[in-house]
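Please read the structure below before turning to the comments.
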Amino acid sequence: MKTYLVTGGAGFIGSNFIHYMFNKYGENIRIINVDKLTYAGNLENLKDLENNPNYSFVKADICDSDAIEKIFNENDIDHVVHFAAESHVDRSIRNPEVFVQTNVLGTLVMLNNAKAAWELPDGSYKEGKKFLHVSTDEVYGSLEEDGGYFYETTPYAPHSPYSASKASSDMLVKAYMDTYKFPANITNCSNNYGPYQFPEKLIPLIINNALSGKKLPVYGDGKNVRDWLYVMDHAKAIDMVIEKGRLFETYNVGGHNEKQNIEIINIILDTLCEMLPDSDPRKAHINKDLITYVEDRKGHDRRYAIAPDKIKSEIGWEPETMFKDGIKLTIKWFFENEEWMKNVTSGAYQDYYNSMYK
Ligand code: NAD
Ligand code: DAU
């Protein structure tokens with residue numbers, strides 16, 4: 002039975018990944034989730050697993066080397082799946098320090114402890130061990146509006162403190178692979194959307210604001226392009242890279258689904274109206290007049306687009322969920338989980354929202 006150490010498993014992608022893995026492998030795997038439970042971490046996301054004997058949760062900071070070492074000492078970890086990070090670009094522009102702390106130093110702590118646990122006296126590694134570092138397409142910088150894609154060979158050119166910190170963490174993983182032959186893969190994925198996404202990110206923020214009749218803030222001219230991938234397709238890609246990825250390789254993961262932000266907002270409004278019954282009072286205030294153009298994000302990357310050719314040809318992964326279906330699944334999940342949204346948007350979120358969008 003394999004044991005996975007998932008970092009940041011109480012966040013958006015981490016919790017979806019844990020659900021994906023138990024749905025796929027059932028009792029044949031163990032997962033230990035280590036998470037600091039920052040504002041973005043939420044154990045509600047994993048409530049259904051609380052009593053699963055193959056799942057356990059450790060509340061710890063990945064920068065706390067003693068806590069991480071203890072987990073490795075007490076468990077024979079086969080794979081580390083490293084999600085834990087500060088993940089929001091806007092927050093990184095206001096407060097870069099914590100991004101360097103968690104994303105760079107935290108990754109170093111994870112690498113050092115996995116290396117210490119897995120390395121043999123001759124410098125080779127115990128059979129079958131792998132560290133999967135979950136990264137982002139933002140490390141490659143920004144593309145022109147009229148063409149080009151991010152390949153694994155595209156030079157790194159991060160612009161925000163967030164993407165610079167993720168690029169630094171990728172470089173550390175690459176350095177460990179080159180210097181110590183440390184068994185790892187890196188995945189660089191495009192924008193995810195789906196259940197459990199924190200409403201500081203575009204899609205859940207627009208769904209929540211539209212349902213509450215609040216303004217829908219669009220940065221700049223609304224024509225920045227992102228390549229959207231349904232989160233379960235990302236979870237599947239990570240599992241496949243763990244199983245089939247060649248050691249020391251990087252794999253780009255993307256949806257082949259480029260859309261301007263304003264298109265995304267219009268699709269969400271149309272889909273909400275289509276899905277809500279006429280009797281639902283929220284339907285009355287959902288309309289395009291809510292769209293409000295606001296000051297642009299500083300250093301706002303214009304376009305991201307992934308070429309997922311390598312993961313397709315080597316591993317056989319392809320995006321499966323069409324955006325029109327994924328957005329319906331996402332909206333349906335938010336309809337069914339109003340309480341979740343209420344809980345995460347109370348308290349500190351209101352302060353964040355007011356200072357961000359004043
Ligand atoms: P998220 O912000 O929803 O979740 C991050 C999780 O990490 C939270 O549970 C948080 O509590 C935890 N965490 C933060 N700091 C920690 C620390 N010091 N110690 C332990 N836990 C800590 O993020 P997400 O959107 O789920 O992203 C997960 C990973 O995927 C990140 O590494 C991110 O860079 C990467 N990624 C995200 C996207 C996307 O579209 N969201 C796309 C590509 C890659
Ligand atoms: O590309 C992968 C990255 O995608 C991940 O590495 C990040 O962790 C994740 O947060 C995401 O980054 P983005 O900055 O692209 O996502 P966000 O949802 O914050 O913004 C998407 C686009 O929408 C971006 O062009 C900014 C714009 N936007 C965002 C918000 C929150 C708005 O116009 N208005 C908003 O209120």
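The working numbering applies: residue 2 is where the sequence shown begins, and numbers increase by one. Each residue gets a CB set at the ideal place from its N, CA and C atoms; glycine is no exception.
(request) Please confirm whether any heavy atom of ligand 1 lies closer than 7 Å to the CB of Asp-91. (result) Residue mapping note: residue 91 aligns to position 90 of the sequence shown, counting from 1. Asp-91: no, Cβ never under 7 Å from ligand 1.
(request) Using only alpha-carbon positions, find the residue among Glu-139, Ile-33, Gln-198 that is nearest to Asn-338. (result) Mapped onto the sequence shown, residue 338 falls at position 337. The shortest Cα separation from Asn-338 among Glu-139, Ile-33, Gln-198 belongs to Gln-198.
(message) Let's see if you can read the secondary structure: which residues bound the alpha helix (DSSP H) around Tyr-353?
(response) Translated into the one-based positions of the sequence shown, residue 353 becomes position 352. That run of the alpha helix (DSSP H) goes 349-358.
(message) Based on DSSP bridge pairs, tell me the residues matched to Tyr-194.
(response) Counting from 1 along the sequence shown, the entry for residue 194 is found at position 193. Answer is Tyr-231.
(request) Taking Asp-290 as the reference, give the member of Glu-87, Ile-266, Tyr-353 with the closest Cα. (result) Residue 290 sits at position 289 when you count from the first residue of the sequence shown. Among Glu-87, Ile-266, Tyr-353, the Cα nearest to that of Asp-290 belongs to Ile-266.
(message) Just to confirm the assignment: which complete alpha helix (DSSP H) runs, minimum length 4, are found wholly within the stretch 262-321?
(response) 262-276, 310-316
(message) If the criterion is Cβ atoms closer than 8 Å, does the pair Tyr-252 and Asn-186 meet it?
(response) Indexing the sequence shown from 1 puts residue 252 at position 251. Indexing the sequence shown from 1 puts residue 186 at position 185. In contact: Tyr-252 and Asn-186 (Cβ atoms closer than 8 Å).
(message) So within the stretch 195-260, which uninterrupted alpha helix (DSSP H) runs reach at least 4 residues, ignoring any that extend past its ends?
(response) 203-213, 232-245
(request) Identify every run of the alpha helix (DSSP H) within the stretch 23-73, keeping only runs that are complete inside it and at least 4 residues long; order them along the chain. (result) none
(request) Could you check how far apart the C-beta atoms of Pro-200 and Asn-209 are, in whole angstroms? I think they sit under 8 Å. (result) Start at 1 with the first residue of the sequence shown, and residue 200 comes out as number 199. Start at 1 with the first residue of the sequence shown, and residue 209 comes out as number 208. Correct: roughly 5 Å between the Cβ atoms.
(message) Going by the DSSP bridge assignment, what does Phe-324 pair with across the sheet?
(response) Translated into positions along the sequence shown, residue 324 becomes position 323. Bridge partners of Phe-324: none, in fact.
(request) Pull up the DSSP beta-bridge partners for Phe-151, would you. (result) Translated into positions along the sequence shown, residue 151 becomes position 150. Beta-bridge pairing links Phe-151 to Ile-307.
(request) Please check the pair Ala-118 and Ser-88, which I expect to be a contact at CB under 8 Å, by giving their CB distance rounded to whole angstroms. (result) Within the sequence shown, residue 118 is the residue found at index 117, counting from 1. Within the sequence shown, residue 88 is the residue found at index 87, counting from 1. The Cβ separation is near 26 Å, so there is no contact.
(request) For Thr-346, collect the residues of the same chain with a Cβ closer than 7 Å to its Cβ; drop the 5 residues on either side in sequence, then sort them by chain order. (result) Locating residue 346 in the sequence shown gives position 345, where the first residue counts as 1. Same-chain partners within the cutoff: Pro-200, Asn-209.
(message) Could you give the first and the last residue of the continuous beta strand (DSSP E) run that contains Thr-4?
(response) Locating residue 4 in the sequence shown gives position 3, where the first residue counts as 1. Its beta strand (DSSP E) spans residues 3-8.
(message) Less than 8 Å between the beta carbons of Asp-79 and Tyr-141, yes or no?
(response) One-based indexing of the sequence shown puts residue 79 at position 78. One-based indexing of the sequence shown puts residue 141 at position 140. The Cβ atoms of Asp-79 and Tyr-141 lie no closer than 8 Å to each other.
(message) In the DSSP output, which residue or residues are listed as bridge partners for His-134?
(response) The count along the sequence shown starts at 1 and reaches residue 134 at position 133. DSSP, once it has assigned bridges, lists His-83, Ile-187 as partnering His-134.
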